[in-house]
Amino acid sequence: MKENKIIFQVDAISKEFSAQRTFREIVTGTKKRVLALDRVSFEIKENEIFALVGESGCGKTTLARIMMKLISPTRGRFYFQGRDVTHINKQEEKKYRLKVQMIFQDPYASMNPRFRTRDVLEEPLVIHRFEKNKKARTRIIHDALSDVRLLPPGEYMTRFPHMLSGGQRQRVSIARARLLSPVLIVADEPVSMIDLSTRAEILFLMKQVQQKTGMSYLYITHDLSTARYFADRIGVMYLGTIVESGNVDEVISNPCHPYTKALIASVCEPVPGKVDSIKEIPLKGEIPPSTHIPGGCRFHPRCLYALPRCMEEEPPAVEVNPDHLVACHLFP
Ligand code: SF4
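Using this note's numbering, the first residue of the sequence shown is number 3, and each one after it goes up by one.
This is the structure:
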């Protein structure tokens, strides 16, 4: 079978921020750093959905912002279609954004409240000089709204964001993201602010758009259950690093890292006839702050299987099955 080409490669990306300091720390000149990402590496192939899953504060959104070139990494490099795009100039950045688009978590905040849907969708076409003819632009917007099932499109074009429901706003975001025919869409928690009943519908729509266009997604979420049904491959993040990755079915059916097991156990599945189906989660304590990342394996204070060496040595990622990597001392 023909192997899909790699279109995006993240190579050992790290990101540090300066943390807020106390008065004493300012006086004594103590520097405080937050390590939001620590040597994160993964690849996205063409026509593939790669999901990054983890708790809030694990660094998923920082990574999305780096990929969108909104911030720069402290160390490491990333490549798009085989080209190093870590440090490119403004002109190249504009071309890059034609090919890599984003769907934001909050569709309302990502739209100008004074813009009608038509203006929201027309803006990227004008900025990127995608189509000079106004009539042709109207046709593109019309088709984009039809693709995301906002029918009849003519009616939705005249509405302001506040006249749309959360689900409809996110449909407009999807239409806007795919308007310029990107190669990759970075979707940062695209359904977390939408009613539960609409989530599956939006993800289904995103998948349909992907199948129609052949593009790829980086799907960022804290919700393993949606990643399971939406993604092809998955990376599980904990405190700024990927602890397990691989084919989504393989990782979910054969989880190796104790954190992945805890995430899977935390997904509530309704059991017919059983009201109380909540299971005990194999995890202790809370996620530590990024200013105090534990030494050795960073998961050891919460791990029920921790060995003495886990406090001293950071586990390397090892392949437990083809394309299934795990960073844990239980898998030497
Ligand atoms: Fe737990 Fe040790 Fe594995 Fe870390 S390396 S997840 S502490 S068993």
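Ideal placement from N, C-alpha and C gives every residue a C-beta, glycine not left out.
Any non-hydrogen atom of the ligand SF4 within 7 Å of residue i CB
i, result
"C258", "no"
Buried or exposed by the 16-neighbour rule on C-beta atoms within 10 Å, applied to residue i
i, result
"V128", "exposed"
"V55", "buried"
"I28", "exposed"
"G248", "buried"
"Q213", "exposed"
"G31", "exposed"
"Y158", "buried"
"A38", "buried"
"V269", "exposed"
"Y261", "buried"
"G84", "exposed"
"Q210", "exposed"
"Q93", "exposed"
"R2", "The first residue shown for the chain is 3 and the last is 334, placing residue 2 beyond what the model contains."
"H141", "The question names His, but residue 141 is Arg in the sequence shown. Its Cβ having fewer than 16 others within 10 Å, R141 is exposed."
"K33", "exposed"
"R171", "buried"
"A138", "exposed"
"M217", "buried"
"M165", "exposed"
"G237", "buried"
8 Å Cβ cutoff met for residue i and residue j
i, j, result
"L65", "V87", "no"
"P296", "P303", "yes"
"H224", "V328", "no"
"E45", "I15", "no"
"F162", "R118", "yes"
"E288", "C299", "no"
"F232", "L205", "yes"
"A189", "Y240", "no"
"G242", "G61", "yes"
"P284", "A308", "no"
"T215", "R180", "yes"
"F10", "L186", "yes"
"I143", "R120", "yes"
"V378", "I176", "The chain is shown from 3 up to 334; residue 378 falls before or after that span and cannot be answered."
"I51", "Y219", "yes"
Next item on the list: Please list the segments of the alpha helix (DSSP H) lying wholly inside the stretch 199 to 240, counting only runs of 4 or more residues, in order along the chain.
Entry: With a minimum length of 4 residues, the continuous alpha helix (DSSP H) runs that stay inside the stretch 199 to 240 are 226 to 232.
Next item on the list: Kindly provide the chain-ordered list of residues whose Cβ lies closer than 5 Å to any non-hydrogen atom of the ligand SF4.
Entry: Chain order is used for the residues whose beta-carbon lies nearer than 5 Å to a heavy atom of the ligand SF4, namely P260, C299, F301, H302, C305, Y307, A308, C312, P317, C330, H331, L332.
Check: Which runs of the beta strand (DSSP E) spanning at least 3 residues fall entirely within the stretch 4 to 42, listed in chain order?
Finding: Within the stretch 4 to 42, the beta strand (DSSP E) runs of at least 3 residues that lie entirely inside it are, in chain order, 8 to 20.
Item checked: Start-end ranges of the beta strand (DSSP E) lying completely within the stretch 54 to 118, minimum 3 residues -> Fully contained in the stretch 54 to 118 are the following beta strand (DSSP E) runs of length 3 or more, in chain order: 77 to 82, 102 to 105.
Next item on the list: Please go through the stretch 126 to 204 and give each complete alpha helix (DSSP H) segment of 4 or more residues, from N-terminal end onward.
Entry: List check, alpha helix (DSSP H) in window: 136 to 149, 155 to 159, 168 to 180.
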